[in-house]
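Protein chains: 2
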Amino acid sequence: MSLVIVGSVAFDTIETPYGRREKIVGGSGTYCSLAASFFTQPMIVSVVGEDFPEEVIDLFKKRKIDTKGIEVRSGKTFHWEGRYGNDPNQRTTIRTELNVFEDFSPQLPPDYRPAELVFLANIDPDQQEEILNQAKEPKLTAMDTINLWINLKPDSLLRVLERVDMFFGNEEEIRMLSQEVNLVKAGRKLLERGPSFIIIKKGEHGALVLGKEFVFGALAYPCEEVIDPTGAGDCFAGGFLGYLDRVNSFDEKEIRKAAVYGSALASFVIEDFGIDRLKSLSLSEIEERHLEFKKLVSF
Amino acid sequence: MSLVIVGSVAFDTIETPYGRREKIVGGSGTYCSLAASFFTQPMIVSVVGEDFPEEVIDLFKKRKIDTKGIEVRSGKTFHWEGRYGNDPNQRTTIRTELNVFEDFSPQLPPDYRPAELVFLANIDPDQQEEILNQAKEPKLTAMDTINLWINLKPDSLLRVLERVDMFFGNEEEIRMLSQEVNLVKAGRKLLERGPSFIIIKKGEHGALVLGKEFVFGALAYPCEEVIDPTGAGDCFAGGFLGYLDRVNSFDEKEIRKAAVYGSALASFVIEDFGIDRLKSLSLSEIEERHLEFKKLVSF
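Chains as they are written, first to last, in our numbering: chain Z, 1 to 299; chain Y, 1001 to 1299.
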């Protein structure tokens, strides 16, 4: 199969109880593509400024990520700054400099258009919709978002939601969108709007996958140290969709496994700052953790 | 084996989005004993006032609960009033009338003393300690508590914690006691104080069991309607310990199963107000749900 990922490639300045890093490489598209690259050869669509380091593009290429869709424009790369306290689930955004992302009009290169899997990582829902309009009958479309867009552009967001097959959201986003406190009920309400799968990301509590006919619960790996939580949700989606792309199937059995691979990827990325842990990660480590997830829940 | 449960037998006035019930039967000892009674014949130690209905004692007897340890004293039965909003994990205590529980000095009847399993449900830690002093070399002692005692009597509580084999607490209590945000780290810190097992109850997110050598994660059953969350934690502990008492083993394999039986009991009790669902519940329904828990996490 073939997986297109549309998301941000950015600089992040991050402070956690374990330290501070200035302008390291991040962005939803970056994390998601790197995570997916352990299973498949994703194609990425994004935009960066002239200040973006060539060696990161080289890293993408080394990991067999198709970077043709990364536009380089004059100006500065998107820069996000955030801070986490002792609770890794709580983060404060210090600043968001959209820079070249501000008036980004994402374009699918011609050979990306027939992709069978299209993932709209967290970006402006209007940009997400532009991509949907360009894709040629993908087998599966998936989207992520953040509460910012639920507040800012609820109508655009709901329009995209109704067109995709799979929606990724965290607990807060799922509750906000559905206006329902009970997560299972909230997920079912969103299923009624169109998607076939609602994936509820619960941070340290794992994830809940709601299909039309089944519910699957994936635990989070019991990490004792969360060095930097940035990118966990993007790596979850990247591992999830990368695995599905590899096995070329969306049946319940594979969806369950995909959620566990997603959790595994998320559990690795938080072990170090930014994308550092993904650079040293191997598929055998992922497979080993997949087995540990089995032990964690078996009874 | 033989299981002694020390806890409250009380009246609860409860308001949830599904309605209001005045002075229905509740209390940690009540929920816990009824839940355990599906697996074993527990012995209960508690105190009630003269206003406590005989038919509830008869219900206990019908479910083969030994009620010899329920003292009837002149005065009124313990009465708790609470309210839940849309989020069943958030409750507000409206009033607590300890009544006959106020100066309760719990006594183990002579034939309870050699019990192999002793559970100290949520009561004053000084009362919990009195029981520990009376028990004759139990194979396993377990305790539960609430944040009230962590604030009010931290020293007493820690003294009991150091003497028991198993500690049940919810996320907030585990974090308060250990002064650690990360739940796995928090649990490990408490393990170092003495217990062999720390059971972290996470409500709708399930439970985490930490042993010295393993971690087990049990999901919560994906309930869409929580009619009345009261007693869920007590039923979790009752199902857990009742099952262990029946199988007469505390090895890792049985501890894992016990946590799932606990989750099953908790998932049933919240389907109706007070103890109503437990009255109609059957062992075959519990076994069926146990299988559903397997499907929920299998991949």
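Built from N, CA and C at the ideal position, the CB exists for glycine as well.
Length of the line joining the Cα atoms of residue i and residue j
| i | j | result |
| --- | --- | --- |
| Z:K136 | Z:G211 | 24 Å |
| Z:L158 | Z:V164 | 10 Å |
| Y:A1258 | Y:L1241 | 7 Å |
| Y:F1011 | Y:W1080 | 6 Å |
| Z:D66 | Y:I1150 | 56 Å |
| Y:D1272 | Y:P1042 | 23 Å |
| Z:E204 | Y:I1227 | 26 Å |
| Y:A1115 | Y:P1229 | 30 Å |
| Y:K1189 | Z:L296 | 20 Å |
| Z:F305 | Z:R63 | Residue 305 of chain Z is absent from the structure shown; chain Z starts at 1 and stops at 299. |
| Y:D1276 | Y:F1104 | 27 Å |
| Z:K279 | Z:R20 | 19 Å |
| Y:I1286 | Y:D1058 | 23 Å |
| Z:P88 | Y:N1089 | 21 Å |
| Y:F1250 | Y:S1196 | 10 Å |
| Z:Q107 | Y:L1281 | 58 Å |
| Y:F1060 | Y:D1111 | 18 Å |
| Z:S156 | Z:Y243 | 29 Å |
| Z:G274 | Z:I44 | 18 Å |
Collapsed DSSP secondary structure at residue i in the structure displayed
| i | result |
| --- | --- |
| Y:G1085 | coil |
| Z:E22 | strand |
| Y:M1043 | strand |
| Z:M176 | helix |
| Z:G239 | helix |
| Z:G274 | coil |
| Y:I1255 | helix |
| Z:F11 | strand |
| Z:K279 | helix |
| Z:E97 | strand |
| Z:T92 | strand |
| Z:I65 | coil |
| Y:E1054 | helix |
| Z:T77 | coil |
| Z:E71 | strand |
| Y:G1262 | helix |
| Z:G49 | strand |
Cβ pair residue i, residue j closer than 8 Å
| i | j | result |
| --- | --- | --- |
| Y:C1032 | Y:I1014 | no |
| Y:V1009 | Y:S1046 | yes |
| Z:N147 | Z:M166 | no |
| Y:P1125 | Y:T1145 | yes |
| Y:F1236 | Y:G1262 | yes |
| Y:E1171 | Y:K1202 | yes |
| Y:V1209 | Z:P222 | no |
| Z:F214 | Z:E252 | yes |
| Z:A207 | Z:S267 | no |
| Y:R1113 | Y:Q1134 | yes |
| Y:R1256 | Y:F1299 | no |
| Y:N1182 | Z:E54 | no |
Cut-off 7 Å between Cβ atoms - residues of its own chain near residue i, not counting five sequence neighbours on either side
| i | result |
| --- | --- |
| Z:L283 | F38 |
| Z:V260 | A218, H290, F293 |
| Y:N1248 | M1001 |
| Y:G1049 | R1073, G1075, K1076, T1077, N1099, V1100 |
| Z:N86 | P17 |
| Y:L1191 | I1198, L1210, K1212 |
| Y:E1130 | S1105, P1106 |
Sequence-distant residues of the same chain with beta carbon closer than 8 Å to residue i, five excluded per side
| i | result |
| --- | --- |
| Y:L1132 | V1118, L1120, T1141, V1160, R1163, V1164 |
| Y:G1083 | Note on residue identity: the sequence assigns Arg, not Gly, to residue 1083 of chain Y. Here the set comprises I1014, E1015, T1016, R1091, T1092, I1094. |
| Z:G187 | I174, S178, I198, I200, L208, L210 |
| Y:E1097 | K1076, F1078, H1079, W1080 |
Heavy atom of the ligand COA within 7 Å of residue i beta-carbon
| i | result |
| --- | --- |
| Y:S1037 | Ligands in the displayed structure: none, and consequently the ligand COA is not present. |
Same chain only: Cβ atoms within 6 Å of residue i, ignoring 5 sequence neighbours per side
| i | result |
| --- | --- |
| Z:S28 | G7, S8, A121, N122, D234 |
| Z:P109 | K68, G69 |
| Y:D1245 | M1001, L1003, T1040, L1117 |
| Y:V1056 | V1025 |
| Z:G239 | A35, Y261, G262, L265 |
| Y:E1022 | T1013 |
| Z:G231 | Y31, V269 |
| Y:T1153 | Correcting the residue type first, residue 1153 of chain Y is Lys in the shown sequence and not Thr. The answer, listed in chain order, is P1125. |
| Y:F1168 | D1144, I1199, A1237 |
| Z:K139 | E116 |
* Would you mind listing the beta strand (DSSP E) stretches within the stretch 1165–1235 of chain Y that are 3+ residues and don't spill past its ends, in chain order? => 1166–1170, 1197–1201, 1207–1211, 1215–1218
* Runs of beta strand (DSSP E) wholly within the stretch 1104–1162 of chain Y (minimum 3 residues, chain order) -> 1117–1120, 1140–1144
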